[in-house]
Amino acid sequence: MTTDDFTVPEITVPGLLADAVERVPDNVALDFLGATTTYRELAAQVDRAAAVLAAAGVRAGDRVALVLPNCPQHVVAFYAALRLGAVVAEHNPLASPAEIRAQLDAHGARVVVAWEKSLAKVCPGGDLQGRTVLAADLTAALPRRSRFLLRLPVPAARAQRAEMRGPVPGGVLGWERELRRAAPLPADAAGPEPHDTAVLLHTGGTTGTPKAVVLTHRNLIANVTQNATWISELRYGSEVFSAVLPFFHAFGMTLSLTTAVRLGAAQLVFPRFDPDMVLAAVRRRPVTFFGGVPPMFARLADAAEEKGADLRAVRFAISGAMSLAPEVAAHWERVTGGLIIEGYGMTETSPVALGNPLSPQRRPGALGLPFPGTEIRVVDPEEPEVEVPTGEVGELLIRGPQVFAGYWANPEATAEVMLDGGWLRTGDLVRLGADGFVTLADRRKELIITGGFNVYPSQVEDAVRSMPGVRDVAVVGVPDGPRGERVVAALVLEPGASVDLAAVRRWAEDRISAYAMPRAVTVLEDLPRSQLGKVLRRVVREQLLGSRQPS
Numbered sequence: 001m002t003t004d005d006f007t008v009p010e011i012t013v014p015g016l017l018a019d020a021v022e023r024v025p026d027n028v029a030l031d032f033l034g035a036t037t038t039y040r041e042l043a044a045q046v047d048r049a050a051a052v053l054a055a056a057g058v059r060a061g062d063r064v065a066l067v068l069p070n071c072p073q074h075v076v077a078f079y080a081a082l083r084l085g086a087v088v089a090e091h092n093p094l095a096s097p098a099e100i101r102a103q104l105d106a107h108g109a110r111v112v113v114a115w116e117k118s119l120a121k122v123c124p125g126g127d128l129q130g131r132t133v134l135a136a137d138l139t140a141a142l143p144r145r146s147r148f149l150l151r152l153p154v155p156a157a158r159a160q161r162a163e164m165r166g167p168v169p170g171g172v173l174g175w176e177r178e179l180r181r182a183a184p185l186p187a188d189a190a191g192p193e194p195h196d197t198a199v200l201l202h203t204g205g206t207t208g209t210p211k212a213v214v215l216t217h218r219n220l221i222a223n224v225t226q227n228a229t230w231i232s233e234l235r236y237g238s239e240v241f242s243a244v245l246p247f248f249h250a251f252g253m254t255l256s257l258t259t260a261v262r263l264g265a266a267q268l269v270f271p272r273f274d275p276d277m278v279l280a281a282v283r284r285r286p287v288t289f290f291g292g293v294p295p296m297f298a299r300l301a302d303a304a305e306e307k308g309a310d311l312r313a314v315r316f317a318i319s320g321a322m323s324l325a326p327e328v329a330a331h332w333e334r335v336t337g338g339l340i341i342e343g344y345g346m347t348e349t350s351p352v353a354l355g356n357p358l359s360p361q362r363r364p365g366a367l368g369l370p371f372p373g374t375e376i377r378v379v380d381p382e383e384p385e386v387e388v389p390t391g392e393v394g395e396l397l398i399r400g401p402q403v404f405a406g407y408w409a410n411p412e413a414t415a416e417v418m419l420d421g422g423w424l425r426t427g428d429l430v431r432l433g434a435d436g437f438v439t440l441a442d443r444r445k446e447l448i449i450t451g452g453f454n455v456y457p458s459q460v461e462d463a464v465r466s467m468p469g470v471r472d473v474a475v476v477g478v479p480d481g482p483r484g485e486r487v488v489a490a491l492v493l494e495p496g497a498s499v500d501l502a503a504v505r506r507w508a509e510d511r512i513s514a515y516a517m518p519r520a521v522t523v524l525e526d527l528p529r530s531q532l533g534k535v536l537r538r539v540v541r542e543q544l545l546g547s548r549q550p551s
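Numbering (the UniProt record's numbering), first residue to last: 1 to 551.
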């Protein structure tokens with residue numbers, strides 16, 4: 001199936017900022033804990049930062065690694081690298097040292113812009129490994145009064161400084177100092193072309209070793225245009241976006257680094273998600289559009305009710321990365337009076353490919369309808385050329401201008417997911433309804449096969465999660481001889497609760513088929529999650545297999 005005709009503008013990502021500067025130069029672009037930057041000021045910083053990177057040897061096609069939390073320096077470095085035609089390689093600043101160093105080695109960036117507290121991971125023992133490293137001081141982006149308070153010799157100030165700053169090895173340059181000294185890059189300097197690579201994003205790792213996803217300027221511009229078309233009710237130059245999703249993740253990147261700029265919006269930028277921090281900022285500058293993941297919406301709605309905070313300026317919200325429970329959606333809409341919709345995508349689709357209508361016709365719990373210019377098919381996972389009947393479970397295939405250009409230096413992995421004709425295998429099992437809405441069954445690689453039956457972990461999790469005493473659950477399959485796998489439920493219990501296998505089976509017997517019943521339970525203190533809070537079933541399974549078998 002396909003949607004209406006769709007045209008991708010022939011521009012590059014730096015063109016989004018240039019357009020905002022032309023249309024709303026004095027509008028606030030960034031509000032970082034009270035310190036504001038207008039679009040004109042942001043563009044001036046980008047021009048100086050581009051000159052700094054050029055002086056460090058960055059040329060078109062070179063990779064520039066960013067190891068930064070959400071902060072103004074991240075936005076400036078992102079646009080500065082793209083302004084030169086370089087490739088931005090995004091990294092999670094909280095990832096392990098081994099993961100960050102392996103990623104740096106794989107894409108070969110010779111210039112790194114890193115948060116001070118991440119420097120030990122980038123250059124262990126002060127060894128720059130031949131790279132030019134520029135250190136960003138988060139406190140430099142704070143309001144003047146906040147910077148003054150941080151210098152006070154009191155325990156609270158010392159603790160906050162320790163959260164934001166870290167030691168800087170010799171040979172590492174100061175990002176802010178270099179920007180102050182730099183002259184702007186000339187306006188006529190050569191830039192990128194639409195089909196050039198713009199960004200490398202590392203996959204979240206729910207299916208194995210993370211890979212670097214190659215996204216072109218055209219991919220990003222396509223998805224920005226699709227987003228703006230889908231949420232056409234947003235008004236240019238008048239919206240205030242929350243920027244709580246990490247910029248190094250595809251969801252946060254497309255909402256904050258590109259779509260918000262495409263709309264000339266102001267952004268409340270947070271280095272991490274903290275409900276109290278968000279509510280304090282919203283009192284100062286009311287948010288009108290909120291992008292997040294279900295746990296964020298649940299915690300923020302609870303905190304707003306508890307503190308009597310006003311979130312009624314939030315007209316629209318979009319949730320992604322995991323299924324949005326109808327009760328969480330209803331609670332959010334009750335607190336804000338606005339609409340919340342669910343979207344679906346993956347890093348390989350820049351990332352959004354489907355979404356619910358931004359109207360009362362939305363379907364909480366459904367992935368939604370294809371985005372403009374996006375085609376989908378639902379096929380037999382074993383024979384992807386064969387489509388399954390409407391309403392039956394099959395693997396989702398996607399084709400559209402937002403589909404990635406492949407995995408960096410990994411043609412074998414690219415060939416595994418890209419079919420002839422430009423169709424991307426998502427690995428997600430879905431149902432396509434007669435009304436065109438797509439609902440998720442599960443990830444293909446997490447499907448459990450027991451006794452010849454297919455068991456979808458999310459369905460078992462939904463049945464068990466509602467059980468009294470159960471706070472959270474992850475369902476996985478472990479080897480079980482001739483039967484294939486047995487279904488195991490890893491439970492996180494409420495304080496003081498006691499739950500055993502018999503109780504779980506009694507609770508679920510009217511909710512799921514007998515073959516899908518858990519055949520073992522184990523209790524964990526918490527569930528491992530991705531950087532966006534998605535439960536990592538693969539890691540749960542590895543934990544169970546690495547310990548004694550549950551019973």
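Cβ atoms here follow ideal geometry from the backbone N, Cα and C, with glycine treated the same way.
- For the segment 404-476, the continuous beta strand (DSSP E) assignments of 3+ residues that do not extend past its boundaries occur at 423-432, 438-443, 448-450 and 453-455, in sequence order.
- Residue range 144-150 is occupied by the alpha helix (DSSP H) that includes serine 146.
- Setting aside the 5 residues that flank it on each side, valine 478 is surrounded in the same chain by Glu485, Arg486, Val488, Arg541, Leu544 and Leu545, each with a C-beta closer than 7 Å to its C-beta; the list follows chain order.
- The segment 210-247 is shown to contain whole beta strand (DSSP E) runs of 3 or more residues at 212-216 and 240-243, in chain order.
- DSSP, read as helix, strand or coil, puts alanine 109 in coil.
- Per DSSP, the continuous beta strand (DSSP E) segment holding leucine 493 begins and ends at 485-493.
- Beta-bridge partners of glutamine 267 (DSSP): Leu30 and Phe241.
- In the assembly as shown, proline 457 is a buried residue. Its beta-carbon has 16 or more other beta-carbons within 10 Å.
- Its chain contains Phe270, Phe273, Val278, Gly292 and Met296 as the residues whose beta carbon lies nearer than 7 Å to that of valine 244, once the 5 sequence neighbours on both sides are disregarded; these appear in chain order.
- Counting C-beta atoms within 10 angstroms of its own C-beta, aspartate 188 has fewer than 16 neighbours from the protein chains shown and is therefore classed as exposed.
- By the 16-neighbour rule on beta-carbons within 10 angstroms, serine 350 is buried.
- Residue state for phenylalanine 316 is assigned as strand, using DSSP reduced to three classes.
- Every beta strand (DSSP E) stretch that sits fully inside the segment 30-56 and reaches 3 residues is listed by chain position as 35-38.
- Between the segment 398-418 and the segment 327-341, the count of C-beta pairs closer than 8 Å stays below three; the two stretches do not touch.
- The DSSP-derived three-state label of valine 133 is strand.
- Per the Cβ contact rule, the segment 377-392 is not in contact with the segment 231-246 (fewer than 3 Cβ pairs under 8 Å).
- In chain order, Gln45, Arg48, Ala49 and Val52 place their CB closer than 7 Å to the CB of leucine 179, counting only its own chain and leaving out the 5 sequence neighbours on each side.
- Between histidine 202 and glutamine 129 a beta carbon distance of about 19 Å is seen, past the 8 Å cut, so the two are scored as non-contacting.
- A check of alpha carbon separations from aspartate 276 across Gly264, Lys211 and Ala304 identifies Ala304 as the nearest.
- Classified as buried, glutamine 226 has 16 or more neighbouring CB atoms from the shown chains inside 10 Å of its CB.
- Here alanine 89 really is in contact with alanine 109; their C-beta atoms are around 5 Å apart, less than 8 Å.
- With fewer than 16 neighbouring CB atoms inside 10 Å of its own CB, lysine 307 falls in the exposed class.
- For aspartate 276, the secondary structure class from DSSP, reduced to helix, strand or coil, is helix.
- Collapsing the DSSP output to three states places valine 8 in coil.
- With 16 or more other Cβ atoms from the protein chains shown falling within 10 Å of its own Cβ, proline 370 counts as buried.
- The secondary-structure analysis by DSSP pairs tyrosine 344 across a beta bridge with Leu354.
- In the DSSP assignment, valine 199 falls within the unbroken beta strand (DSSP E) covering 197-202.
- Each residue's CA atom was taken as its position, placing proline 389 and glutamate 395 some 12 Å apart.
- Put simply, of Asp500, Leu447, Gly421 and His217 the residue whose alpha carbon is nearest the alpha carbon of leucine 397 is Gly421.
- By the Cβ-count criterion, phenylalanine 148 is exposed, with fewer than 16 other Cβ atoms from all chains shown falling within 10 Å of its own Cβ.
- DSSP places proline 184 in the coil class of the three-state scheme, outside both helix and strand.
- Checking the DSSP bridge columns, you'll see valine 523 partnered with Leu491.
- Under the DSSP assignment, proline 384 falls in the beta strand (DSSP E) whose first and last residues are 383-387.
- In the DSSP annotation of this structure, the continuous segment of the alpha helix (DSSP H) that includes glycine 546 starts and ends at 537-546.
- Taking the Cα positions, glycine 170 is about 46 Å away from alanine 474.
- Here the alpha carbon of glutamine 160 sits roughly 46 Å from the alpha carbon of threonine 374.
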